[in-house]
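Trainee: Just dropping this structure here.
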Amino acid sequence: MGQQVCMGAMLKCSFGVAPGTLMVLPANAVLTAVPDANIMDNKPMVNILPFGMCQSLANPMVAAATAAALGVLTPMPCIPATTAPWAPGSPTVLIGNMPALNNSSKLMCMWGGVIAINAPGQATVSIP
Numbered sequence: 003m004g005q006q007v008c009m010g011a012m013l014k015c016s017f018g019v020a021p022g023t024l025m026v027l028p029a030n031a032v033l034t035a036v037p038d039a040n041i042m043d044n045k046p047m048v049n050i051l052p053f054g055m056c057q058s059l060a061n062p063m064v065a066a067a068t069a070a071a072l073g074v075l076t077p078m079p080c081i082p083a084t085t086a087p088w089a090p091g092s093p094t095v096l097i098g099n100m101p102a103l104n105n106s107s108k109l110m111c112m113w114g115g116v117i118a119i120n121a122p123g124q125a126t127v128s129i130p
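The sequence shown begins at 3 in my numbering and counts up by one.
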């Protein structure tokens, strides 16, 4: 069983150079100390904070900087570009009428990065 993810969870992008933090708005009424996340907590710069520098050549800023540096990979500041929800989420637990987010879920960035959950933010609640 996975663990329920909540605000403050540590995230890692496959093309980022630093960990990020998941922010969850307190819109979902759940009786816990911090807000719990669902699969729709995927909004860039609201829920998904930057991962330092981006190293993906699919990112136009990185591609332009790398071309200007004559092909030497030049990371640029990360601006997450997530449009799809987290997948797969919990099939049986709903938060705000959406599947709850568990620590095995992944989120795709438009620039090719895979965002994974390193630490769920809590260790007491397990969900499928």
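Each residue gets a CB set at the ideal place from its N, CA and C atoms; glycine is no exception. Please read these numbers as outputs of a predicted model, since none were measured by experiment.
Comparing alpha-carbon positions, which option in 35, 58 and 60 lies nearest residue 123?
Mentor: With distances taken between Cα atoms, residue 123 lies closest to 35.
Trainee: What residue does the alpha helix (DSSP H) around residue 64 start on, and which one ends it?
Mentor: Segment 62-70, the alpha helix (DSSP H) holding residue 64.
Trainee: Just mark residue 1 as buried or exposed, buried being the case when its beta carbon has 16 or more other beta carbons within 10 Å.
Mentor: Absent from the structure is residue 1, since the part of the chain shown begins at 3 and ends at 130.
Trainee: Under 8 Å by Cβ, that's how I've got residue 41 and residue 82 pegged, so tell me the actual separation to the nearest angstrom.
Mentor: Between residue 82 and residue 41 the Cβ distance is about 16 Å, and since that is not below 8 Å, they are no contact.
Trainee: Between the C-alpha atoms of residue 55 and residue 129, what's the straight-line distance to the nearest angstrom?
Mentor: If you take the alpha carbons of residue 55 and residue 129, they lie about 33 Å apart.
Trainee: Which whole-angstrom value is the C-beta distance of residue 127 and residue 5, which I expect to be below 8 Å?
Mentor: Sure, about 7 Å apart at Cβ, within 8 Å.
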